[in-house]
């Protein structure tokens with residue numbers, strides 16, 4: 023299976039602010055090679071069924087790596103790993119995209135993950151051509167306005183012992 027990964031460290035901008043949001047997009051190419059060397063298309067239904075499993079594996083690996091770096095992890099509303107220690111006020115202020123989607127759902131009387139996915143597509147603005155330095159300055163201003171929580175959490179994680187992750191070969 024061939025997969026291309028694209029790692030992003032921020033969400034789409036809302037009113038010019040691209041909030042910090044570490045995430046990875048994985049594009050699975052619809053091709054595989056059989057044992058005899060032939061190439062074939064993957065079965066799209068089976069691929070779709072494995073999406074939840076792949077997401078769970080990704081989240082588990084991300085959580086383990088963050089813990090290995092000394093961060094305390096807690097599970098978010100949908101099972102995603104979140105770094106522990108941020109106040110609700112900071113999380114809400116630094117998540118304008120999430121609020122934008124919630125507002126759209128309320129406005130249209132919709133609920134559920136499928137509706138949220140549709141709302142995300144309907145409300146997303148165009149990507150802005152912000153430099154890494156501009157995005158970083160916005161994040162720093164947000165952090166400063168909320169008591170420098172990210173810096174405290176990074177410092178606390180650096181004071182914990184590093185956990186070595188090892189792979190078990192079967």
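Residue numbers (our numbering): 23 to 192.
No residue lacks a Cβ here, since even glycine has one placed at the ideal position from N, Cα and C.
No experiment lies behind these values; they were computed from the predicted model shown.
Subject >> Coarse secondary structure for residue 95, derived from DSSP in three states >> reply: Residue state, collapsed to three classes: strand.
Original post:
Is it true that the CB of residue 149 sits closer than 8 Å to the CB of residue 34?
Top reply: In contact: residue 34 and residue 149 (Cβ atoms closer than 8 Å).
Subject >> residue 47 - containing alpha helix (DSSP H), residue span >> reply: First-last for residue 47: 42 to 50, but that is the beta strand (DSSP E), not the alpha helix (DSSP H).
Original post:
Smallest Cα separation from residue 146: which of 170, 154, 119 and 55?
Top reply: Checked all of 170, 154, 119 and 55; the closest Cα to residue 146 is 119.
Original post:
Does the distance from the C-beta atom of residue 141 to that of residue 127 stay below 8 Å?
Top reply: A contact, by the Cβ cut-off of 8 Å.
Subject >> In DSSP terms, what residue 39 is bridged to >> reply: Note: residue 39 is bridge-paired with 36 in the DSSP secondary-structure output.
Original post:
What is the rounded straight-line gap between the Cα of residue 67 and the Cα of residue 74?
Top reply: The straight-line gap from Cα to Cα measures roughly 13 Å.
Original post:
Are the segment 47 to 55 and the segment 25 to 32 touching by the rule of at least three beta carbon pairs closer than 8 Å?
Top reply: Output reads yes: the segment 25 to 32 touches the segment 47 to 55.
**OP:** Please determine, among 53, 72 and 138, the residue with the shortest C-alpha to C-alpha distance to residue 63.
**Re:** It is 53 whose Cα lies nearest to the Cα of residue 63.
**OP:** Measure the CB-CB distance between residue 83 and residue 95 and report whether it falls below 8 Å.
**Re:** Against a cut-off of 8 Å, the Cβ pair of residue 95 and residue 83 comes out as no contact.
Subject >> For residue 25, three-class secondary structure by DSSP >> reply: Reduced to three states, the DSSP call for residue 25 is strand.
**OP:** Determine the direct distance from the alpha carbon of residue 175 to that of residue 184, and round the result to whole angstroms.
**Re:** C-alpha separation (whole angstroms): 15 Å.
**OP:** May I ask you to report which of helix, strand or coil DSSP gives residue 183?
**Re:** Residue 183: coil per DSSP, three-state reduction.
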